[in-house]
Every structure is written in structure tokens, then in C-alpha cells.
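Counting from 134, one number per residue, gives the positions in the sequence shown under my numbering. Positions of the beta carbon are idealized from the N, C-alpha and C atoms, including for glycine.
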Amino acid sequence: MQQRWFLYSALISFAALLVALVSQHVFGLRPCAWCVFQRLLLLAIIGFSLIGYVAMRYKTLWLGFLCRIVLIATAFGGILSAWYQQTVAAKLFSCDMTFADQVMISSGLESSMPWLFGIYATCMDASVAILGLDYAIWALLLFVVLLVINTLALFSKAVD
């Protein structure tokens with residue numbers, strides 16, 4: 134289980150989160166509940182990646198393994214989230230009280246950090262194409278990359 138792949142996952146997720154925030158605050162794209170839920174998943178990936186990186190640095194293999202499993206599960210959750218956003222939620226007039234909406238509101242994140250987790254659009258309104266692909270498809274591809282990276286790292290021979 135290679136240590137550097139934890140860092141790659143954190144950097145990729147951080148870059149994706151920055152793109153989402155720039156899209157919102159600079160270009161005026163308003164996020165929906167599923168968009169901000171995926172931001173939460175990206176933050177979880179960043180956190181567990183950094184914990185895994187430190188764990189592997191100090192040779193705490195069980196914690197590194199646990200973090201890798203959580204990263205794989207979170208990336209899979211991101212894939213499901215982006216898929217649902219694209220295939221179901223983007224066709225609804227209101228995504229009010231869907232799973233993502235309930236998580237963001239009941240956790241208090243939506244009101245305590247609106248600059249990061251504020252829900253300002255429905256999924257139908259937030260559907261935007263960038264370079265010919267819908268934003269949700271880009272998110273799906275990102276989570277697929279994170280899933281592949283972490284799955285390969287889990288089964289690769291440790292060389293660092």
C-alpha cells in the first residue's frame with residue numbers, strides 16, 4: 134500500500150473542490166444539494182487521505198489500510214451520488230428532501246458554512262455542460278479516478 138497515493142488522492146480532491154468553489158464564487162454557477170454533498174465527500178477523501186499518509190509515514194499499517202478502505206467506499210459513494218444527480222435528480226423540478234438535502238440540512242453544514250455547503254439551486258437548474266459534458270459527469274469521472282487510484286494502491290506492492 135503505497136504512501137504517495139494517499140497524497141495524490143488528497144491533491145486531486147483538493148483541486149476538484151477548488152474548481153467547484155471557483156465555479157460558484159467566480160463564475161456564478163449555483164450548486165444544488167447533490168453538488169454540495171459531493172463537496173462533503175471530497176472533504177472526507179482529503180481528510181482520510183491525509184490521515185492515511187501520516188499513518189503510513191509512521192508505519193501504522195492497520196490505520197493506513199483502514200483509511201484506504203474508507204477512501205474506496207467514499208469514492209464509490211461519490212460515483213453513486215454523481216450518477217443519481219445526472220440520471221434522476223437533474224430531471225426533477227425539486228430535489229427538496231432527497232438524501233443529499235436531508236444530510237446537508239440536518240447536519241447544519243448548509244447554514245453554518247453557506248460559502249461551501251449552501252444549496253442555491255435545484256438539480257435541474259444546476260445542470261451545466263462544461264467542455265461538452267455535464268458537470269455531474271465530470272464529478273462521476275473524478276470519483277472513478279479516485280476509486281481506481283485507491284483500489285490499485287490497496288493491492289499494489291509497497292515500495293516506499
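query	result
I238 (DSSP reduced to helix, strand or coil)	helix
Straight-line gap, R201 to N283 (C-alpha atoms, nearest Å)	6 angstroms
Residue closest to L150, alpha-carbon to alpha-carbon, out of L176, F181, L199	L176
6 angstroms CB neighbourhood of L183 in its chain, flanking five on each side removed	A143
Local conformation of I252 per DSSP, three classes	coil
Collapsed DSSP secondary structure at L264 in the structure displayed	coil
Sub-9 angstroms separation of I205 and L287 beta-carbons	yes
Status (buried if at least 16 other CB within 10 Å, exposed otherwise) for Y268	buried
S245 in three-state terms, based on DSSP	helix
Cβ distance (whole Å) where I212 is taken to contact L273 below 8 angstroms	6 angstroms
Classification of G241 by the beta-carbon crowding that lies within 10 angstroms, buried from 16 upward	exposed
Distance between W167 and D234 (C-alpha atoms, nearest Å)	7 angstroms
Distance between Q219 and F276 (C-alpha atoms, nearest Å)	14 angstroms
Cβ-Cβ distance between R172 and L279 below 9 angstroms	no
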